[in-house]
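Each remark here refers to the structure printed beneath this line.
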Amino acid sequence: MPLPDFKKIPPVTIYEFKNVDETEPLHIPELAPNRKITDTGFLRFFLVSVIFAICFVSVTSSIGTDYNRFLHGHDKCGDTCGIDNTPRANINCSGKDLAGKPIMKYRFTGKKNGSKWIMKNFMVPDECVEGCDRPNRLLFHRCIPVEDLPRHRKANQIITFVEFVHDFERSIIVLILPMCLTALLLAICLLFCLYFNAHHTVFGILSVSVLGLFGFTTYVWYWFVKDSDKKQLLYVGIIATITIILLCIFICYFYDRYGLVMTMFTEATEAIFRTPYLTVVPVVTLLVLYLTATAAVFLGFLISSNQYIRKVEKFPTVHEYVLTPLAKSALTYLGFTFIWLKGLSNGCQCIVVAGPVSAHYFQNLNEKSDDRYPVLTSCYVLFRYHIGTVAFGSMFITILTVVRVVLQFFQDHFNCTCVRNCVQCCLVCLESVTQYLTKRAYIQTAMHGEPLYKSGVRAARLLWANLMDAVALDTVADFIIVCAILLVILAALGEAVIIHEATDLQLDHYWTVLLIGAAGCGVVVYFFMQVINVAVETIFICFCEDKLMNDGNTKPYFMSERLKTLISAAREATKLREQS
1 MPLPDFKKIP
11 PVTIYEFKNV
21 DETEPLHIPE
31 LAPNRKITDT
41 GFLRFFLVSV
51 IFAICFVSVT
61 SSIGTDYNRF
71 LHGHDKCGDT
81 CGIDNTPRAN
91 INCSGKDLAG
101 KPIMKYRFTG
111 KKNGSKWIMK
121 NFMVPDECVE
131 GCDRPNRLLF
141 HRCIPVEDLP
151 RHRKANQIIT
161 FVEFVHDFER
171 SIIVLILPMC
181 LTALLLAICL
191 LFCLYFNAHH
201 TVFGILSVSV
211 LGLFGFTTYV
221 WYWFVKDSDK
231 KQLLYVGIIA
241 TITIILLCIF
251 ICYFYDRYGL
261 VMTMFTEATE
271 AIFRTPYLTV
281 VPVVTLLVLY
291 LTATAAVFLG
301 FLISSNQYIR
311 KVEKFPTVHE
321 YVLTPLAKSA
331 LTYLGFTFIW
341 LKGLSNGCQC
351 IVVAGPVSAH
361 YFQNLNEKSD
371 DRYPVLTSCY
381 VLFRYHIGTV
391 AFGSMFITIL
401 TVVRVVLQFF
411 QDHFNCTCVR
421 NCVQCCLVCL
431 ESVTQYLTKR
441 AYIQTAMHGE
451 PLYKSGVRAA
461 RLLWANLMDA
471 VALDTVADFI
481 IVCAILLVIL
491 AALGEAVIIH
501 EATDLQLDHY
511 WTVLLIGAAG
521 CGVVVYFFMQ
531 VINVAVETIF
541 ICFCEDKLMN
551 DGNTKPYFMS
561 ERLKTLISAA
571 REATKLREQS
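Under UniProt numbering, the residues of the sequence shown are numbered 1 to 580, in order.
Below, the structure written as structure tokens:
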């Protein structure tokens, strides 16, 4: 039986890839002294960008800013609430002593034109007050005059937002934090379950997912039969039924590949738990992201106080503060930098995990290695040699993300909806493919110490040469991980419901708070599942490298006995197909 076209041109050998002689000893992952700094140009660009961001934000948040005004607001004359103000030029009513009035009160200015409301300048600053009595709503030292608001959609949105913020503040400690901690514990338990018995754990995840979806679909159809006037239930029932059918087809289609997936999960979790401190990596990543997000929000608040005063249109006696062009530019650049740093953190975790996992796979090749702390070694290699590579990959992904978001933001300005949707679809596909190949390139860099582009090309060729196994592994593994994440989130939601029923916490926006808590749980579980995902991908790429380097006879494999069994089964299946 002739080979498929995609297997006729195999990837080059490791020696050719690394430009070394075959007589030289081979190390996977490559030893730190043998590595070189990769993608230095992007490393310089990243450092310059970070330094520029720090300087830009520092200048913007220190020139023309008033933090008291940002915290406490101002009255219609531009005087800051809560302090003794000095008079302003051209504003006769300014310069009041408002030290005892730290709260800014708004005034409703909407007017009716016939049956329609004129909503431009819906609310304007009015005065500074000592307190904000009910039924008015207090939000960040701003008093919203609910009693004066008309029954209008925008007014209802303001009231809803204020009430939601109050609910969110009261539920952080009681609901959201316990949900995230539960998700963290369940993610760790899931890692242990995969380590002790990957087959039963994966089977349990799939079974619970299918049964849960089946129960939900049955419940939806039951309520539709009882109340057939609700068309939303019909649509949900149809979608859920189609999902069950597609899910069953998916499981049956990839059934013969489940052996490969189970083995890869077993090998990956074994590598994770046999490597000291590898399970700490996602915790550190989450902590770094939390600090980065906190710093970004704090700096955003500082930048937002860079404002200039102007008269409100059609209200000559009322003044307001608006962001300067410099502040808008700084906020935009800060957002871009945060997205870049988020991608950088994800890439750093990928390289830190891939190094020790590949060392575990090729432990027979690295018998002379006495590395007792492979995670620390991997961190050293990352920041000493390959941070430029991660900066390169994350920058490319960030650019695609920003372009897609900007296009989505300006979608109302496109006259042709078809063209807009096509461009959006192309950008989403390009972003997904880029993320897929970039992750594999990071793994190759962690193993061999080569730049991003060169590593990405080799990773793509290895996956192309093992296309069917790669497709099956990626599809099934991602599906299992998504199901695991959803189950953990559902468990955390169940805990939140129980806590809410057991306490006297009254929330007007209960389900919205739960959705935010679920999103937080998803972030926590995602980074733990990313460790498994990267470990599985690393084991598979090592498996492909091992098959390329060795033949199992004159050159014995470095893989475990479980993987050798897969090789033997594949060869027997190939012989049977050739005989038939």
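Even glycine gets a Cβ: it sits at the ideal position worked out from N, Cα and C.
{"Query": "Contacting residues, own chain, Cβ-Cβ under 8 Å from Ala518 (five flanking each side not counted)", "Result": "Met179, Ile489, Ala492, Leu493"}
{"Query": "Beta carbon of Ile480 nearer than 9 Å to that of Tyr526", "Result": "no"}
{"Query": "9 Å Cβ cutoff, Gly552 in contact with chain B", "Result": "No chain B is present in this structure, which holds just one protein chain."}
{"Query": "CB-CB length for Phe558 against Tyr253, believed under 8 Å", "Result": "Between Tyr253 and Phe558 the Cβ distance is about 31 Å, and since that is not below 8 Å, they are no contact."}
{"Query": "The region 320 to 333 in contact with the region 88 to 98 per 3-pair CB rule at 8 Å", "Result": "no"}
{"Query": "Helix, strand or coil at Pro316 [DSSP, three-state]", "Result": "strand"}
{"Query": "For Cys544 and Asn550, the rounded distance between their alpha carbons", "Result": "10 Å"}
{"Query": "Buried versus exposed call for Ala99 [16 or more other C-beta atoms within 10 Å across all chains shown]", "Result": "exposed"}
{"Query": "Nearest-angstrom Cα separation, counted from Phe140 out to Leu430", "Result": "41 Å"}
{"Query": "Outcome for Arg69 when other beta-carbon atoms lying within 10 angstroms are tallied against a minimum of 16", "Result": "buried"}
{"Query": "Cβ shell of Val210 (< 7 Å), same chain only, five flanking positions each side left out", "Result": "Leu247"}
{"Query": "Where the alpha helix (DSSP H) through Arg88 begins and ends", "Result": "Run containing Arg88: none; DSSP gives neither H nor E here."}
{"Query": "Burial state of Val220, where buried means 16 or more other Cβ atoms lie within 10 Å", "Result": "buried"}
{"Query": "Residue nearest to Ile351 in terms of C-alpha spacing, selected from Ser58, Asn533, Val50", "Result": "Asn533"}
{"Query": "Bridge partners - Tyr321, DSSP secondary structure assignment", "Result": "Ile309"}
{"Query": "C-beta contact flag for Pro374 and Thr275 at 9 Å", "Result": "yes"}
{"Query": "C-beta atoms of Gly393 and Leu452 nearer than 9 Å", "Result": "yes"}
{"Query": "Presumed contact (8 Å Cβ cut-off) between Val428 and Arg461, rounded CB distance", "Result": "Incorrect: roughly 25 Å between the Cβ atoms, too far for contact."}
{"Query": "Pro33 burial status per 10 Å Cβ neighbour count (16 or more: buried)", "Result": "exposed"}
{"Query": "Pick from Leu407, Pro316, Ser345 that is closest to Cys379, judged by C-alpha positions", "Result": "Ser345"}
{"Query": "Neighbourhood of Thr217 by C-beta distance below 7 Å, restricted to the same chain and skipping five residues each side", "Result": "Gly237, Ala240, Thr241, Ile244"}
{"Query": "Opposing strand residues paired with Thr97 [DSSP bridges]", "Result": "This sequence places Asp at residue 97; Thr is not what is there. DSSP, once it has assigned bridges, lists Asp84 as partnering Asp97."}
{"Query": "His200 classed as buried or exposed, judged by whether at least 16 other C-beta atoms fall within 10 angstroms", "Result": "exposed"}
{"Query": "Distance, Gly64 Cα to Ile28 Cα", "Result": "55 Å"}
{"Query": "Span separating the alpha-carbon of Ala391 from that of Leu331", "Result": "21 Å"}
{"Query": "Under the three-state DSSP convention, the category Asp546 falls into", "Result": "helix"}
{"Query": "Distance CB(Thr160)-CB(His509) smaller than 9 Å", "Result": "yes"}
{"Query": "CA nearest to the CA of Val162, picked from Ile173, Arg137, Pro282", "Result": "Arg137"}
{"Query": "Lys454 versus Gln408: straight-line alpha-carbon distance, rounded", "Result": "33 Å"}
{"Query": "Nearest candidate by alpha-carbon position, reference Ile309, set Gly456, Val353, Ser94, Gln349", "Result": "Ser94"}
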